[in-house]
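Chemist: Residue numbers (the numbering used here), protein chains in the order written: chain R, 6 to 120; chain Y, 4 to 116.
Ideal placement from N, C-alpha and C gives every residue a C-beta, glycine not left out.
A quick note: this is a predicted structure, and the numbers were derived from the prediction, not measured.
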Amino acid sequence: DAGVTQSPTHLIKTRGQQVTLRCSPKSGHDTVSWYQQALGQGPQFIFQYYEEEERQRGNFPDRFSGHQFPNYSSELNVNALLLGDSALYLCASSLKVAGVGDTQYFGPGTRLTVL
Amino acid sequence: GNSVTQMEGPVTLSEEAFLTINCTYTATGYPSLFWYVQYPGEGLQLLLKATKADDKGSNKGFEATYRKETTSFHLEKGSVQVSDSAVYFCALGFTGGGNKLTFGTGTQLKVEL
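#1: Checking contacts by CB at 9 angstroms: is Y:F65 closer than that to chain R?
#2: Leaving out five residues before and five after R:T19 in sequence, what residues of the same chain have Cβ atoms less than 6 angstroms from its Cβ?
#3: Check whether the Cβ atoms of Y:G46 and R:G71 sit closer than 9 angstroms, and answer yes or no.
#4: Just to confirm, are R:Q109 and R:S38 a CB contact at a threshold of 9 angstroms?
#5: Using CA coordinates, which residue listed in Y:Q41, Y:A56, Y:F97, Y:T29 is at the minimum distance from Y:G4?
#6: Which residues bound the beta strand (DSSP E) around R:K18?
#7: Say whether chain Y places a C-beta atom closer than 9 angstroms to the C-beta of R:S99.
#8: DSSP on R:L88, reduced to helix/strand/coil?
#9: Please go through the same chain and pick out, in chain order, the residues whose beta-carbon is closer than 7 angstroms to the beta-carbon of R:A85, but skip the five residues on each side of it.
#10: Can you confirm whether Y:A94, when its beta carbon is compared against all beta carbons of chain R, has any partner nearer than 9 angstroms?
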């Protein structure tokens, strides 16, 4: 049973560029959440996708956008990159119908460096 | 708003020592509580969870009890190993909150021989 996968593993961009990160959820899961983890910090919730729609959003600017596809995979897009966007971006999947306490399974993350 | 506070690290212990990592939370309502572990260069792995007051989560020798009266979810292990060296994150989440997790800042654990 494949877990959550993310690509690419590492990425280096320059300020002002745009980036797309990809996530495939754990088999059977229908909900994908994205988190940003700055160095030495806990993950911060960016947004969550379910049924191909953004359902909830954290305190991130609209430079951060996403998409969910019919196969439940998801993309995170960041436009006009800033140095402060350098972080580990984590994708987590879960099953909506299970309700609270259901586990979010995390992928290994994409390390984004903005120069 | 919701928040999680963890003891600052790093915590350095000798192998076979007893471990406690403190976690307290502030929340409106009754969240589920989680401990996640992050090994160097990796993503987060769920270690244990508890969904209601007085529940005890346990896994791989680690335990944590959901204490509503003290709004705490302290992580404990009776005898740590070098392989337990990692960063530990306490987190909370809600039904209806779409399973959004709120994390603490993490506590680094170093276990030495």
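Modeler: Well, looking at it:
#1: no
#2: L120
#3: Result no, Cβ atoms of Y:G46 and R:G71 do not sit closer than 9 angstroms.
#4: yes
#5: Y:T29
#6: 15-18
#7: R:S99 has a beta carbon lying within less than 9 angstroms of a beta carbon in chain Y.
#8: Of the three classes helix, strand and coil, the one that applies to R:L88 here is helix, per DSSP.
#9: G21, R68
#10: yes
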